[in-house]
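Visitor:
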Amino acid sequence: MDLGHALEATRANLNAEIESFFNSAPPLKNSVDIRNGGGRRVVCVTAGGTTVPLEQRCVRYIDNFSSGNRGATSTEYFVKAGYAVIFLYRRGTCQPYCRSLPDDPLLECFELTDESNIKVHELYSEAVKKAITEHRAAVEEGLLLKLPFTTIFEYLQILRMIALSTSNLGQNAMFYLAAAVSDFYVPWHSMAEHKIQSASGPLNMELAQVPKMLSVLRQDWAPKAFFISFKLETDSKILLQKAISALEKYKMNMVVANELSTRKEEVVVVTSSEKISVRRNKDRGFEDVENPLIQLLVERHSAYIESSSDL
Ligand code: 9Z3
Numbered sequence: 003m004d005l006g007h008a009l010e011a012t013r014a015n016l017n018a019e020i021e022s023f024f025n026s027a028p029p030l031k032n033s034v035d036i037r038n039g040g041g042r043r044v045v046c047v048t049a050g051g052t053t054v055p056l057e058q059r060c061v062r063y064i065d066n067f068s069s070g071n072r073g074a075t076s077t078e079y080f081v082k083a084g085y086a087v088i089f090l091y092r093r094g095t096c097q098p099y100c101r102s103l104p105d106d107p108l109l110e111c112f113e114l115t116d117e118s119n120i121k122v123h124e125l126y127s128e129a130v131k132k133a134i135t136e137h138r139a140a141v142e143e144g145l146l147l148k149l150p151f152t153t154i155f156e157y158l159q160i161l162r163m164i165a166l167s168t169s170n171l172g173q174n175a176m177f178y179l180a181a182a183v184s185d186f187y188v189p190w191h192s193m194a195e196h197k198i199q200s201a202s203g204p205l206n207m208e209l210a211q212v213p214k215m216l217s218v219l220r221q222d223w224a225p226k227a228f229f230i231s232f233k234l235e236t237d238s239k240i241l242l243q244k245a246i247s248a249l250e251k252y253k254m255n256m257v258v259a260n261e262l263s264t265r266k267e268e269v270v271v272v273t274s275s276e277k278i279s280v281r282r283n284k285d286r287g288f289e290d291v292e293n294p295l296i297q298l299l300v301e302r303h304s305a306y307i308e309s310s311s312d313l
């Protein structure tokens, strides 16, 4: 077989795997319909980890680490930059505009003045006001749509739906894939229906590989969009090389490389010709690394749109 035929066969295999993933996934309960007038830029930001259920009536699952902070913070900066954001997030993880609130805002931010009146605690009044005002403004201007997922099945089905419904936006669409996505899963049809019993002794199970959706997303579902994926490693020695491989393999426009322990301080943005280190500016107090990061990505997205319109 020559190389052309071999590549074609690999691609056909991948498409068949993807087809079978979606055909066997449990159906979604809701669907989305995205419309965009006026050529606004739209970014799909993914955040949080996907779960892999071990039982159809799920009691146990495998999880992927992510607090959702990167996606939530980035969403705020994208809205500030004028983007409409589709925030695809793991249920229960960090939300945009809530970062300066305590863990249990309802119980900690409010107090009863008498039996029928509630007021915001002095300590949190500025934070609560800011969160409500900015969140409401984003939603009312149509700049924030939040869609939750829990399992890998929900995540990939919703992502495909978003990609297909943003294809009419062409180069104005961006995908910013910060979610931590499972590499292995139990196919729905081979999954136990009921809770696995411990009385049956040790548990052996084989996990199937999740089909590599990134290349199909990039090439078939939203071929004109601007793509940014993330590479997470705990071993800094292999991080950059893995990011470069992802850039080439999945034809991303940029890959953001981050190491688990320093991810809030520094990231390295890898493109086909550069490695750009982006750091949190400590002199500016509580500045987030996402501030300079999103600024850089927005500039590059503008250049991408410009260069495509020259064609
Ligand atoms: C990331 O690398 C994100 O930056 C983090 C953010 C998950 C580290 P937090 O949510 O952390 O703020 O706590 N996301 C991508 C993680 C991932 O699983 N990437 C895959 C990989 O590295 C490619 S899709 O192989």
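Mapped onto this note's numbering, the consecutive letters of the sequence shown carry residue numbers 3 to 313.
All C-beta atoms, glycine included, are put in the ideal place defined by N, C-alpha and C.
Report the partner residues of D116 according to the DSSP bridge assignment.
Guide: DSSP, once it has assigned bridges, lists N119 as partnering D116.
Visitor: To the nearest angstrom, how far is it from the Cα of L179 to the Cα of T53?
Guide: Distance between the alpha carbons of L179 and T53: 16 Å.
Visitor: Quick one: residues in its chain with C-beta nearer than 6 Å to the C-beta of E110, no 5 flanking neighbours on either side, listed in chain order?
Guide: Excluding sequence neighbours, E110 sits near P104.
Visitor: Spell out a yes or no on whether the stretch 285-293 and the stretch 69-85 are touching, meaning 3 or more CB-CB pairs, one atom from each, closer than 8 Å.
Guide: Short answer: they touch.
Visitor: Sorted by chain position, which residues of the same chain lie with C-beta nearer than 6 Å to D65's C-beta, five sequence neighbours on each side aside?
Guide: Once the five neighbours on either side are set aside, the close Cβ partners of D65 are G51, T53.
Visitor: Excluding five sequence neighbours on each side, which residues of the same chain lie with their C-beta closer than 8 Å to the C-beta of S68?
Guide: Same-chain partners within the cutoff: A49, G50, G51, R92, T95, A180, A181, A182.
Visitor: Should V183 be counted as a contact of the ligand 9Z3 given a C-beta to heavy atom distance under 6 Å?
Guide: Checking every heavy atom of the ligand 9Z3 against the Cβ of V183, one is found closer than 6 Å.
Visitor: If you count every other CB in all the chains shown that lies within 10 Å of the CB of S240, and 16 or more means buried, which is it?
Guide: Residue identity differs from the one stated: residue 240 is Ile in this sequence, not Ser. Classification of I240: exposed, given that the 10 Å Cβ count is below 16.
Visitor: Contact defined as beta carbons within less than 8 Å: I believe A140 pairs with L146. What is the distance between those atoms, to the nearest angstrom?
Guide: About 4 Å separates the two Cβ atoms, so the contact holds.
Visitor: Helix, strand or coil for S275, going by three-state DSSP, please let me know.
Guide: S275: coil per DSSP, three-state reduction.
Visitor: Verify the contact flag: L234, CB atom, against every heavy atom of the ligand GDP, threshold strictly below 6 Å.
Guide: In the structure on display, the ligand GDP does not appear, and the ligands it does have are the ligand 9Z3.
Visitor: Secondary structure at Y252, three-state DSSP: helix, strand or coil?
Guide: If DSSP states are grouped into helix, strand and coil, Y252 belongs with coil.
Visitor: Does the beta-carbon distance from Y85 to R43 come in below 7 Å?
Guide: Yes. Within cutoff.
Visitor: Could you check whether the Cβ of N260 sits closer than 6 Å to any heavy atom belonging to the ligand 9Z3?
Guide: For the ligand 9Z3, at least one heavy atom lies less than 6 Å from the Cβ of N260.
Visitor: Please classify C111: does DSSP put it in a helix, a strand, or coil?
Guide: Helix at C111.
Visitor: Got a sec, what are the start and stop residues for the alpha helix (DSSP H) K82 sits in?
Guide: 71-82 is the span of the alpha helix (DSSP H), which, as asked, contains K82.
Visitor: In this structure, how does DSSP classify L179 when only helix, strand and coil are distinguished?
Guide: The answer is strand: DSSP assigns L179 an E or B state.
Visitor: So, at 6 Å on beta carbons, what are the nonlocal neighbours of I194 in its own chain, with the 5 sequence-adjacent residues on each side left out?
Guide: Just to set this straight, residue 194 is Ala in the shown sequence, not Ile. If we look at A194 and ignore the five residues flanking it on each side, its Cβ neighbours are E57.
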